[in-house]
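One line per chain: the protein sequences are R and P, in this order.
So our numbering is basically just the index in the first sequence, starting at one, shifted up by 618.
So our numbering is basically just the index in the second sequence, starting at one, shifted up by 618.
Number of protein chains: 2
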Amino acid sequence: MTLSRRRRWFLLLLGGLLAATLLAGVAGWAGAAGSADPLPSWNPGAARDGILRFVRQTTDPASPGFVPPGERIATFDQDGTLWVEQPVYPQVRFILERVPGAVTTRGELERLAATALSGMPLETFRSDVRQWLATARHPRWQRPYTELTYQPMQELLRYLRAHGYKTYIVTGGGQDFVRVYAEQVYGIPPEQVIGSAGATRYGYDSAGRPFLTKEPRLLLNDNDAGKPEGIQLMIGRRPIAAFGNSTGDRQMLEYTKAGDGPRLAMLVLHDDARREYAYGPALGLPDTRVGRFTQELHDEARRQGWIVISMKNDWRRLFPFDR
Amino acid sequence: MTLSRRRRWFLLLLGGLLAATLLAGVAGWAGAAGSADPLPSWNPGAARDGILRFVRQTTDPASPGFVPPGERIATFDQDGTLWVEQPVYPQVRFILERVPGAVTTRGELERLAATALSGMPLETFRSDVRQWLATARHPRWQRPYTELTYQPMQELLRYLRAHGYKTYIVTGGGQDFVRVYAEQVYGIPPEQVIGSAGATRYGYDSAGRPFLTKEPRLLLNDNDAGKPEGIQLMIGRRPIAAFGNSTGDRQMLEYTKAGDGPRLAMLVLHDDARREYAYGPALGLPDTRVGRFTQELHDEARRQGWIVISMKNDWRRLFPFDR
Numbered sequence: 619m620t621l622s623r624r625r626r627w628f629l630l631l632l633g634g635l636l637a638a639t640l641l642a643g644v645a646g647w648a649g650a651a652g653s654a655d656p657l658p659s660w661n662p663g664a665a666r667d668g669i670l671r672f673v674r675q676t677t678d679p680a681s682p683g684f685v686p687p688g689e690r691i692a693t694f695d696q697d698g699t700l701w702v703e704q705p706v707y708p709q710v711r712f713i714l715e716r717v718p719g720a721v722t723t724r725g726e727l728e729r730l731a732a733t734a735l736s737g738m739p740l741e742t743f744r745s746d747v748r749q750w751l752a753t754a755r756h757p758r759w760q761r762p763y764t765e766l767t768y769q770p771m772q773e774l775l776r777y778l779r780a781h782g783y784k785t786y787i788v789t790g791g792g793q794d795f796v797r798v799y800a801e802q803v804y805g806i807p808p809e810q811v812i813g814s815a816g817a818t819r820y821g822y823d824s825a826g827r828p829f830l831t832k833e834p835r836l837l838l839n840d841n842d843a844g845k846p847e848g849i850q851l852m853i854g855r856r857p858i859a860a861f862g863n864s865t866g867d868r869q870m871l872e873y874t875k876a877g878d879g880p881r882l883a884m885l886v887l888h889d890d891a892r893r894e895y896a897y898g899p900a901l902g903l904p905d906t907r908v909g910r911f912t913q914e915l916h917d918e919a920r921r922q923g924w925i926v927i928s929m930k931n932d933w934r935r936l937f938p939f940d941r
Numbered sequence: 619m620t621l622s623r624r625r626r627w628f629l630l631l632l633g634g635l636l637a638a639t640l641l642a643g644v645a646g647w648a649g650a651a652g653s654a655d656p657l658p659s660w661n662p663g664a665a666r667d668g669i670l671r672f673v674r675q676t677t678d679p680a681s682p683g684f685v686p687p688g689e690r691i692a693t694f695d696q697d698g699t700l701w702v703e704q705p706v707y708p709q710v711r712f713i714l715e716r717v718p719g720a721v722t723t724r725g726e727l728e729r730l731a732a733t734a735l736s737g738m739p740l741e742t743f744r745s746d747v748r749q750w751l752a753t754a755r756h757p758r759w760q761r762p763y764t765e766l767t768y769q770p771m772q773e774l775l776r777y778l779r780a781h782g783y784k785t786y787i788v789t790g791g792g793q794d795f796v797r798v799y800a801e802q803v804y805g806i807p808p809e810q811v812i813g814s815a816g817a818t819r820y821g822y823d824s825a826g827r828p829f830l831t832k833e834p835r836l837l838l839n840d841n842d843a844g845k846p847e848g849i850q851l852m853i854g855r856r857p858i859a860a861f862g863n864s865t866g867d868r869q870m871l872e873y874t875k876a877g878d879g880p881r882l883a884m885l886v887l888h889d890d891a892r893r894e895y896a897y898g899p900a901l902g903l904p905d906t907r908v909g910r911f912t913q914e915l916h917d918e919a920r921r922q923g924w925i926v927i928s929m930k931n932d933w934r935r936l937f938p939f940d941r
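Here it is as structure tokens:
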């Protein structure tokens, strides 16, 4: 009887252990899936290491640099940082197909774009963008622009989000334009897209239904100093990490790095003419006037501890469609 | 031996069942906690029923009105909707203590406020607001303004968030002002506070550190038609639910209700002079010129199916400090 009772308890314990093992097995499997390389398209090196170290420092509760989840804000430029911007910004092509006559300067283009789009119901603009994206093709790859996103940056976006980061696009491009596809292409919802933004006007259609119309008045020029100003307007706190590729991102990176604790600032250098494009003019690369990465910016990056990502050396795989 | 093996299996099974029961017990306890009344400060009635029905319709995957979590946007006016706005908006008191001389009109106040605050570093403004909030007292309750929030609305905010809603403040008040306390007081982070917003200017201090300064240029007057315009600027999609209390919220509610599928639009009517204040001028209530709820607005609410919340009848408990 004593033995039997002991055995009973032993077997109960064994049963409990089996159940626990089963649970641990499931958890272990999930853990193993989570510990697979989160950045498979990044080559080993300073850029990849910098990302991994930063995320560890800011998300490990035992780290002195720990940042509470709500404050984990990461901002990304789009053109040249998340997708291809050469030989001309995709949005510029969209606008050029919509404005009459020849355009030679950027100021002229912006003025014409504002006039052409002014008075257009926002919904009409959106469906226009959607339709254009579905049919327009990049001249080099003959693919939709939305397929020409950088796989390493897509992995970085997901990796940061998996660690409690809220990812934002902060682009000089049009806010209404980018919001049309950002959720589908980058997993970034409209409210996390900050861009150059025009005013809208609230009104009613003939049936009395309210709708918004695009106005020619520019509220935010989200380039250069406009980036931290736009971040303040739309987010209201300083990012912990910021990513860009040109002089237009300088102030955003400065502003991000000026906060206390661990900060990550990175710039993509397009030095890969074979797989994409090579342009600077930093390091003697050609000056294409689109997305300029000047020598001055390169010097500031070194001085401030910003990490320069070499497309050629740091990225193993470039596009999602690459094998 | 056969019996012994059977017994062993039986006991193993029993052990497993015990473990399963333990787990189910934990889950059941969590479930019971979740099913407690989420709106204890609301009296039974059309307002409370309307909220519960709307949340069921939009969050039950089997419902034809189901809304995916990312699209569950709820916008709340602040003054008079989330906290007390009488006898004068708290922010107006803050400004009046900072501008010299007597102010008699609202336009004059806004002009003086812009001048007084212009050129002020954003961080200085923020610590000013923090300090004022810590010391200022409401003349009637002799309590900090941040304690004078409506308990039923606090419950509603939490209830919506527990069902996947992203809650926003959309206020005619100053965006920089409200962001200072919204996270602590309402659980709403700065990036989900939209308000009347001035421009900032990016610059450097004498040590070369970047900082932002408040500028006198108004980017968004977040009242009336400015509310849907501000929602478009900052969120980029239409809310599913909107809450207000005055004519300044009319367009936000119209815009919200004009979308497809189930929509919730509610207006707080201050008809409780004993516990708070009674003002309209709708339904013959006094016209205090602060947070006006006109008869025209009341008529539109009825026509459009907006729910009017009677503070007197629908709210059992008013403030968090009430017993």
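The C-beta atom is built at its ideal place from N, Cα and C for all residues, glycine as well.
In the DSSP assignment, MET884(R) falls within the beta strand (DSSP E) that extends over 882–887. A direct Cα-Cα distance of roughly 9 angstroms separates MET870(P) from GLY844(P). Taking a Cβ-Cβ threshold of 8 angstroms, the residues of chain R close to GLN850(P) are LEU740, THR818 and LEU830, in chain order.
Secondary structure at ARG934(R): coil, using DSSP grouped into helix, strand and coil. For SER736(R), there is no enclosing beta strand (DSSP E), as DSSP marks it with neither H nor E. Of all residues in the segment 753–785 of chain R, none is placed with a Cβ closer than 7 angstroms to any Cβ belonging to chain P.
When 8 angstroms is used as the limit between beta carbons, GLU847(P) is near these residues of chain R: ALA817, THR818, ARG819, TYR820 and LEU830, in chain order.
One finds LEU837, LEU838 and LEU851 in chain P with Cβ atoms closer than 8 angstroms to the Cβ of LEU837(R), taken in chain order.
Beyond the five residues adjoining it in sequence on each side, GLY862(P) comes within less than 7 angstroms, by CB distance, of ASP695, THR699, MET870, LEU871 and LEU885 in the same chain, given in chain order.
With respect to the 9 angstroms criterion, TYR895(P) and GLN772(P) are not classified as neighbours on the basis of their beta carbons.
By the rule that beta-carbons nearer than 9 angstroms mark a contact, PRO880(R) does not touch chain P. Excluding the 5 residues flanking it on each side, PRO899(R) has same chain C-beta neighbours closer than 8 angstroms at ASP905, ARG910, PHE911, THR912 and GLN913, in chain order. About 7 angstroms separates the CB atoms of ILE853(P) and PRO808(R); that is less than 8 angstroms, so the two are in contact. Looking at ALA664(R), GLY826(R) and TRP701(R), the one whose alpha-carbon comes closest to that of HIS756(R) is TRP701(R).
With contacts defined by Cβ atoms closer than 9 angstroms, TYR786(R) and ILE812(R) form a contacting pair.
What ARG827(R) touches in chain P, judged by beta-carbon distance under 8 angstroms, is ALA876, going in chain order. As computed with DSSP, TYR786(R) is found in a beta bridge with THR693(R).
Around the beta carbon of ARG881(R), 16 or more other beta carbons sit within 10 angstroms, so the residue counts as buried.
Here TYR822(P) is exposed, its C-beta having fewer than 16 other C-beta atoms within 10 Å. GLU847(R) is not a Cβ neighbour of TYR897(P), given a cutoff of 9 angstroms. Chain P has no Cβ within less than 9 angstroms of the Cβ of GLN709(R). Flagged as an interface residue toward chain R: GLU809(P), by a C-beta distance shorter than 9 angstroms. Residues of chain P whose Cβ lies closer than 7 angstroms to the Cβ of ALA883(R) do not exist, since the nearest Cβ in that chain is about 12 angstroms away. Residues of the segment 672–689 of chain R that bring their beta carbon within less than 8 angstroms of a beta carbon in chain P comprise GLY688, in sequence order. The beta carbon of TYR873(P) sits closer than 9 angstroms to some beta carbon of chain R. For GLU833(P), the enclosing beta strand (DSSP E) begins and ends at 828–838. Close CB contacts of PHE939(R) within its chain, under the 7 angstroms cut and outside five residues either way in sequence, are with GLU765 (chain order). At a cut-off of 9 angstroms, the C-beta of ARG797(R) has a neighbouring C-beta in chain P. In this structure, the beta-carbon distance from LEU836(R) to LEU851(R) does not fall below 9 angstroms. Nearest CB-CB separation between GLN696(R) and chain P: not below the 9 angstroms threshold.
Around the beta carbon of GLY737(R), fewer than 16 other beta carbons sit within 10 angstroms, so the residue counts as exposed.
Among the residues of chain P, those whose CB is under 9 angstroms from the CB of GLN869(R) are TYR820 and PRO828, following chain order.
Between GLN769(R) and SER659(R), the CB-CB gap stays under 9 angstroms. It is roughly 15 angstroms from the alpha-carbon of LEU657(R) to the alpha-carbon of THR767(R). Using a CB distance cut-off of 9 angstroms, GLU801(P) counts as an interface residue toward chain R. For THR699(R), the secondary structure class from DSSP, reduced to helix, strand or coil, is coil.
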